[in-house]
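Per this note's numbering, the sequence shown starts with residue -4, numbered consecutively. Glycine is no exception: its CB is placed at the ideal position from the N, C-alpha and C atoms. As the structure is a computational prediction, the values presented were derived from the model and not from experiment. These notes concern the structure reproduced below.
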Amino acid sequence: MTGLDDGIFELRMERSAGDLWPMLAELYADHPGYDRFLADLDAALRRSWAARSPDLKRLDLRRDLEPDWFQRPGMAGYVFYVDRFAGSLAAVHERLDYLVDLGITYVHLMPLLQPRPGDSDGGYSVMDYRAIDPRLGTMDDFEALAAALRARGISLCIDLVLNHTAREHAWAAAARAGDPRYRDHYLMFPDRRLPDAYERTLVEVFPDNAPGNFTFDPESGAWVWTTFNTHQWDLNWANPRVFLDIVDTMLFLANRGVDVLRLDAVAFLWKRMGTRCQSEPEVHLILRALRACCRIAAPAVLHLEEAIVGPAEMLPYLGRGRHDGREGNLAYHNSLMVQFWSALATRDTGLMTHVLGTHFPPVLTNATYATYLRCHDDIGWAVTDEDAAAVGLSGPLHRAFLSDFYRGTFPGSFALGEPFQVNAATGDARISGTCASLAGLERALRDGDAAGADRAVQRILMGHALIAAYGGIPLIWMGDEIALLNDRSYRTRPDQAHDSRWLHRPAMDWDAAATVHDAETPAARIFRGIRHILARRANLPGLHGAVPTTVPAAPAQGILAVARHAPSGTILSLGNFADDWRHLPEGWLRAQGCAAMHDALSDAPAALAEGLLPLPPQGRVWLT
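Structure representation (structure tokens):
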């Protein structure tokens, strides 16, 4: 390191010391070799900083000066599997103009680190954190793409799986061979006594194809903790060497040009007897310490913490209380996604307004949400019995209704999805399906129902207007912008047939994409509609992620109101989930702060009539 680099590093070490060393002391101070661990961690941070390229160090400085860069309204994300989108990392270069045209400034490349052979849980069973899946390219290809994205003003997100590795990972291979260092990297038990005790309070993540949470490994003669799949071995985060190895990995990836690390399955990191082993207090100590390490050695890099849990559990992942603003920078707004689909099915926004209005603070510190309608994963109906009861619903019955509605079996349903991981004990059934198929487009096209197809288009655009206005980074799942339908060919592939989530992971249709500016197909209309939404959003400072968000109860059933309270004035996002027109009194709109009566989404005066604002079915406005 140069003298200047040395000075910068020491300043950053001083800045983050309070978020690092006390966390580690709480976690590991009683562990043998703690002092050696601290010395090794210090050396790892210095080594990674010294290896960081001058370009990335300049980016570090720029983002220190612009810490809100990821909260700005010009941020809009696109999420895809490289092979489904373009075939390879090298081929993605040829599609960057498409992303820029859509208005994308953030891409999430779904798991591309080398997975285990065969079924790899969509890439989340990683056997080498420092190598790219050879089917997609090389680490050189990855670094070249990262540089090309950076040159276009597009930030790059990739996954770092924290809870587990593939059983084929070198650490796991050493553990099976009896190496005591790596045996302690995992949770391995000589018999079923402790696993059975833990199982009494654990939940099953994949009850259909991976029941239970432990797998017997004949090579090691041990029961291994496997929360997700038999081939995914849970790491032992009570071992400080695991923390050290993950920090080394994290900073290695940061130095390849990554802007955002999506930390996968973080809720499961810490195990405690008698609990669900989810969101234990130690999880947050680990994540705060990991975040501090990044702020020291790669401060341009953000952490997106993947914790698909209820609101009370989710918010601490963004830092609360004395750690406000010092944990994750981004977290998925799973509740917003769930409530969108719930309200579409019921045509009622009462539950949605209650959940969003009572469980989420108006503003976050140095953090924001990732908002989305669909992703690579299934939809779990995360509606608590308490929230359902607050609006006169039965939690179990409502969850069952949503599962039936979106698999298309409930009378009058417009959706065509498939169940995922039906839990026989609880009756819960999650749902797979693309945005377009769940929103009714597939059924309408199948039935030759032009009016139904138009309603589906409007549902999709209303949803994207919502995630763009709410506050955060709106994320578009690949193909949703051109209304890709369910892909049932997964059933013919042996390594996918057991997993209905492949239903909503179709290959990109570049023929359809080539027509989006000229055709009047549903795909083209949706593309142009989303493109317009993102363009309008980028020019509205009031949609900055740090602007407070509230969800007032609207005076008309089926209306969702989301208010953004900027110093320059309020932006009131309105969406009509009902199947008929709704009318909102001008007086109520002005009471929310809408002074200009101008629709910022269409950039036109609000169409008031006799003191009322009419909204058609699935209509949407951003009123100022």
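Put simply, the backbone Cα of residue 46 is about 28 angstroms away from that of residue 118. Annotated as proximal: residue 368 and residue 430, with beta-carbon spacing under 7 angstroms. About 11 angstroms separates the beta carbons of residue 282 and residue 301, which is beyond the 8 angstroms limit, so they are not a contact pair.
The beta strand (DSSP E) runs lying completely inside the region 427 to 484 and spanning 3 residues or more are 468 to 472, given in chain order. Beta-bridge analysis with DSSP links residue 413 to 427. With a beta-carbon spacing of about 44 angstroms, residue 409 and residue 251 fall beyond the 8 angstroms limit used to define contacts. With fewer than 16 other Cβ atoms inside 10 Å of its own Cβ, residue 534 counts as exposed. Inter-residue distance for residue 315 and residue 357 is about 13 angstroms (C-alpha atoms, whole angstroms). Per DSSP, the beta bridge partners of residue 152 are 103, 255. A distance below 8 angstroms between beta-carbons, with the five flanking residues on each side excluded, links residue 214 to the following residues of its chain, in chain order: 171. Note that the C-beta distance between residue 424 and residue 389 is not below 7 angstroms. For residue 95, the uninterrupted alpha helix (DSSP H) segment begins and ends at 91 to 97.
By DSSP's assignment, residue 181 forms a beta bridge with 230. Going by DSSP, residue 365 is part of the beta strand (DSSP E) stretching over 363 to 367. Nearest in C-alpha terms to residue 163, of all of 619, 191, 227, is 227.
The beta carbon of residue 529 sits closer than 6 angstroms to those of 71, 98, all from its chain and outside the five residues before and after it, given in chain order.
Spanning the alpha carbons of residue 614 and residue 350 requires a straight line of approximately 22 angstroms. Residue 468 has its alpha-carbon roughly 19 angstroms from the corresponding atom of residue 595. When the five nearest sequence neighbours on each side are left out, the beta carbons in the same chain lying within less than 8 angstroms of the beta carbon of residue 612 are those of 450, 453, 571, 573, 574, 575, 576, in order along the chain. The beta carbon of residue 68 sits closer than 7 angstroms to those of 532, 533, 535, 536, 538, 539, all from its chain and outside the five residues before and after it, given in chain order.
Counting only runs of 3+ residues, the beta strand (DSSP E) found wholly inside the region 567 to 594 occupies 577 to 580, in chain order. Shown here, residue 206 sits in coil according to DSSP, grouped into three states, outside any helix or strand.
Buried is the label assigned to residue 438, since at least 16 other Cβ atoms lie within 10 Å of its Cβ.
Following the DSSP letters along the chain, one finds residue 327 inside the beta strand (DSSP E) bounded by residues 325 to 327. Taken atom to atom, the span from the alpha-carbon of residue 185 to that of residue 278 is near 26 angstroms. Around the Cβ of residue 569, a 10 Å sphere holds 16 or more other Cβ atoms; the residue is buried. In the structure shown, the three-state DSSP call for residue 218 is strand. According to DSSP, residue pairing for residue 161 in a beta bridge involves 227. Proximity of the region 412 to 420 to the region 381 to 396 falls short of the contact definition, fewer than three beta-carbon pairs being nearer than 8 angstroms. Look at residue 303 here: in three-state DSSP terms it is coil, with no helix or strand label. Residue 510 sits in coil when the DSSP states are folded into three classes, being neither helix nor strand.
Taken through DSSP and simplified to helix, strand or coil, residue 201 comes out as strand.
The region 303 to 322 makes no contact with the region 234 to 246, as fewer than three CB pairs between them are under 8 angstroms.
DSSP, reduced to helix, strand and coil, places residue 560 within a strand of the structure shown. Per DSSP, reduced to three states, the secondary structure at residue 122 is strand. In the structure shown, the three-state DSSP call for residue 297 is strand.
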